[in-house]
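Numbering (the numbering used here), first residue to last: 1 to 582.
Below, the structure is given as structure tokens:
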């Protein structure tokens, strides 16, 4: 990305300067260009440009190690990629660039590309330990795998595959060698419980006080049906994990009350929710409500779900007082708040004037010399370091003007979570991202643009190159099989999922298809949204099945995955906010 700056930005400015020297019509522009470079806000950039222009790479290197800034990162990367520089120095500058690089867990593709560059140079420079470390981080990249096979010993190779979740390759890499701490978790993930148990027992024999090995022995015995051995191991394990495991053993033996008692002892929200699930499955709603009360008064992600579940169950039994108690616990501006008629509200716009942050002024100057990449970089670095609310919003707003929605909206959410209530903060937290594409698709397909934004916000936080563990791709996080299916329905070859316009088109097309799928239910947005996350087959079977029987309140409770339940709630809340904003 920085070669483009060097070739186009620097040279274009230099050529423009020479042109203005001989073209009297450009006298006004020339004065502006010179004043921009002479600005104190760009003094470090002028030094950087001058050093590059003169070939003074020592000065560029000094900038790279001068501090933690975007310009230092850029200087480090420039040296790292310079073929004429000593390769040992290039490795050092790649390491410096890696340390300074802006980290984002969704940015897997560019991160992989960067690490592959770094690994190749470290490999060529014979820094083998570093190359192996870097190649391991890039798995399952094919080139990285080939070089690891060539460079790493069997144990290191197997461990690299294990960390990359390539479990069969981890076993194969050992080629018969014994490494129980690698074999055991790999066999567990491969659901080869007998082999996993053998490996865990060998691990425990080698390291008798290994907590992970003992835990593995306990659960492997449980999955194989050896309940006495499993219970003994869980008791030896002790602590919350040991008690949790004993709950499963007790339930397996048919002693539900003992199992529930064990889960209560952990006092963990997820375990308590599981206990309520087991109780409801036996129609023991009164006992379940007592657990829900504990959860509803806590601060976990189960709190609002539990309060609403108490509200539903109490109303069904005619317990008005308990229903009212639960209703008071359901937060406003939430999915379940809407269900009990607590309307969403947004704050007014602040009229307090604020001065423009230095980062924004600096970005404006960089934009005037056509260096948008540097402008974004400077703004992102500043955004990560400032705590002043007005500065955060001003920087985030400028980033969105430059088409960056991920970090800017994230920053605005943090501002709102700090209790700062301002309509501007909501607009930045819930932006009309890529509105030309979104509105166009919404009009073409007859769906709400606000629904597209609501899903995009939850799926990728507006990051075009987002890639999930399940390989969901792009802004709308469509998995490859669904992507290919959508291409087939549109009678075209699958297009690039990381292209903004294309990803919005495919994701919107899928939403429209789901609207048709649920036409018998008036294209219910809740069914559409939960299906977008969990799959329409599962959601429709559950909704129409005997357990839920088309009861939405039962659907909210009986969806099996916490991820999908939370997804539905958050997207519906997003949808409501977008409709209020726009």
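The C-beta atom is built at its ideal place from N, Cα and C for all residues, glycine as well.
**Item:** Minimum C-alpha distance to residue 456 - residue among 139, 233, 56 and 500
**Value:** By alpha-carbon distance to residue 456, the top candidate from 139, 233, 56 and 500 is 500.
**Request:** Pair every Cβ in the region 75-82 with every Cβ in the region 425-440, then say whether three or more of these pairs are closer than 8 angstroms.
**Result:** In this structure the region 75-82 does not touch the region 425-440; the number of beta carbon pairs closer than 8 angstroms is below three.
**Message:** Going by DSSP in three states, residue 478 sits in which element: helix, strand or coil?
**Reply:** Residue 478: strand per DSSP, three-state reduction.
**Asked** By Cβ distance, which residues of its chain are closer than 6 angstroms to residue 307, with the 5 residues on each side in sequence left out?
**Response** Around residue 307: 296, 326, 329 and 330.
**Buried/exposed call for residue 503, threshold 16 Cβ in 10 Å** = The residue in question, residue 503, is buried, as its Cβ has 16 or more Cβ neighbours within 10 Å.
**Message:** Using a Cβ distance threshold of 8 angstroms, determine whether the region 34-53 contacts the region 358-368, with at least three qualifying pairs required.
**Reply:** The region 34-53 and the region 358-368 touch, with no fewer than 3 CB-CB distances between them shorter than 8 angstroms.
**Item:** Selection from 429, 167 and 131 that minimises the alpha carbon distance to residue 346
**Value:** Checking every option, the nearest Cα to that of residue 346 belongs to 429.
**Asked** Applying the criterion that 16 or more other CB atoms from any shown protein chain within 10 Å of the CB defines a buried residue, is residue 25 buried or exposed?
**Response** Note that residue 25 scores a pLDDT of 25, beneath 50, so its modelled location is shaky and nothing firm can be said.
**Item:** 8 angstroms contact criterion, which residue 106 and residue 134 should meet: CB distance rounded
**Value:** Wrong, their Cβ atoms sit about 20 angstroms apart, outside the cutoff.
**Asked** Roughly how many angstroms lie between the CA atoms of residue 272 and residue 336, to the nearest whole one?
**Response** When rounded, the distance between both Cα atoms is 20 angstroms.
**Message:** Given this structure, state the Cα-to-Cα distance separating residue 442 from residue 560, to the nearest angstrom.
**Reply:** Residue 442 and residue 560: Cα-Cα distance of roughly 31 angstroms.
**Request:** Report the option in 333, 340 and 394 whose CA atom is closest to the CA atom of residue 355.
**Result:** Taking only the C-alpha atoms, the option nearest residue 355 is 394.
**Request:** Could you tell me which of 523, 510 and 189 sits nearest to residue 489, measuring between CA atoms?
**Result:** The shortest CA-to-CA distance from residue 489 to any of 523, 510 and 189 is the one to 510.
**Message:** Taking the alpha helix (DSSP H) that residue 340 belongs to, which residues open and close that run?
**Reply:** For residue 340, there is no enclosing alpha helix (DSSP H), as DSSP marks it with neither H nor E.
**Asked** What's the C-alpha gap between residue 158 and residue 152?
**Response** When only Cα atoms are considered, residue 158 and residue 152 end up about 9 angstroms apart.
**Item:** Any 3 or more C-beta pairs closer than 8 angstroms across the region 259-273 and the region 544-560
**Value:** Fewer than three beta-carbon pairs drawn from the region 259-273 and the region 544-560 are found closer than 8 angstroms, and the two stretches are therefore not classed as touching.
**Item:** Assumed close pair residue 48, residue 60 - CB separation to whole angstroms, cut-off 8 angstroms
**Value:** Residue 48 to residue 60, Cβ: 7 angstroms. Contact.
**Message:** Could you pull the DSSP bridge partners for residue 473 from this structure?
**Reply:** Here residue 473 is bridged, per DSSP, to 467 and 478.
**Item:** residue 314 - DSSP class collapsed to helix/strand/coil
**Value:** Helix at residue 314.
**Asked** Is residue 285 closer than 7 angstroms to residue 451 when the C-beta atoms are compared?
**Response** Cβ distance not < 7 angstroms, so residue 451 and residue 285 don't count as in contact.
**Message:** Buried or exposed, going by whether 16 or more other CB atoms sit within 10 Å of the CB of residue 321?
**Reply:** Exposed, since its Cβ has fewer than 16 Cβ neighbours within 10 Å.
**Item:** Cβ-based neighbour list, residue 397, same chain, cut-off 8 angstroms, excluding 5 preceding and 5 following
**Value:** Setting aside the 5 residues that flank it on each side, residue 397 is surrounded in the same chain by 408, 424 and 428, each with a C-beta closer than 8 angstroms to its C-beta; the list follows chain order.
**Item:** C-alpha gap between residue 611 and residue 530, whole angstroms
**Value:** This structure does not reach residue 611, given that the chain is present from 1 up to 582, and the question cannot be answered.
**Message:** Taking the straight line between their C-alpha atoms, what separation do you get for residue 130 and residue 136?
**Reply:** C-alpha separation (whole angstroms): 10 angstroms.
**Request:** Would you check whether the ligand COA has a heavy atom nearer than 6 angstroms to the C-beta of residue 542?
**Result:** For the ligand COA, the structure offers nothing, since it holds no ligand at all.
**Message:** How far does the alpha helix (DSSP H) with residue 364 in it extend, from its first residue to its last?
**Reply:** Residue 364: member of the alpha helix (DSSP H) spanning 358-368, first to last residue.
**Request:** Go ahead and label residue 27 buried or exposed: buried means 16 or more other beta carbons lie within 10 angstroms of its beta carbon, across all protein chains shown.
**Result:** For residue 27, the predicted model reports a pLDDT of 28, less than 50, meaning its position is unreliable; a value from the coordinates is still stated below. By the neighbour-count rule (16 or more Cβ atoms within 10 Å), residue 27 is not buried but exposed.
**CB of residue 359 within 7 angstroms of CB of residue 379, strictly** = Cβ atoms of residue 359 and residue 379: closer than 7 angstroms.
**Message:** Output needed for residue 213: all residues of its chain with C-beta closer than 6 angstroms, excluding positions within five of it in sequence on either side, in chain order.
**Reply:** Closer than 6 angstroms at the Cβ level, and outside the excluded window around residue 213, lie 200, 203 and 204.
**Request:** Identify whether residue 546 lies in helix, strand or coil by the three-state DSSP scheme.
**Result:** DSSP places residue 546 in coil when its eight states are reduced to three.
**Message:** For residue 188 and residue 216, which I take to be in contact (beta-carbon distance under 8 angstroms), what is that distance rounded to the nearest angstrom?
**Reply:** About 7 angstroms; that satisfies the 8 angstroms criterion.
**Message:** Below 8 angstroms on the Cβ atoms is my contact criterion, and I expect residue 638 with residue 71 to pass it. Report the Cβ-Cβ distance as a whole number of Å.
**Reply:** Because residue 638 is not part of the residues shown, which for the chain are 1 to 582, the question remains open.
**Item:** Residue span of the alpha helix (DSSP H) that contains residue 248, given as start and end
**Value:** Taken as a continuous stretch (DSSP letters only), the alpha helix (DSSP H) holding residue 248 covers 239-252.
**Asked** What do you get for residue 460, buried or exposed, if any count of 16 or more other CB atoms within 10 angstroms of its CB means buried?
**Response** Buried.
**Prompt:** Anyone know if the C-beta pair for residue 193 and residue 224 falls short of 7 angstroms?
**Reply:** In this structure, residue 193 lies near residue 224, with their beta-carbon atoms less than 7 angstroms apart.
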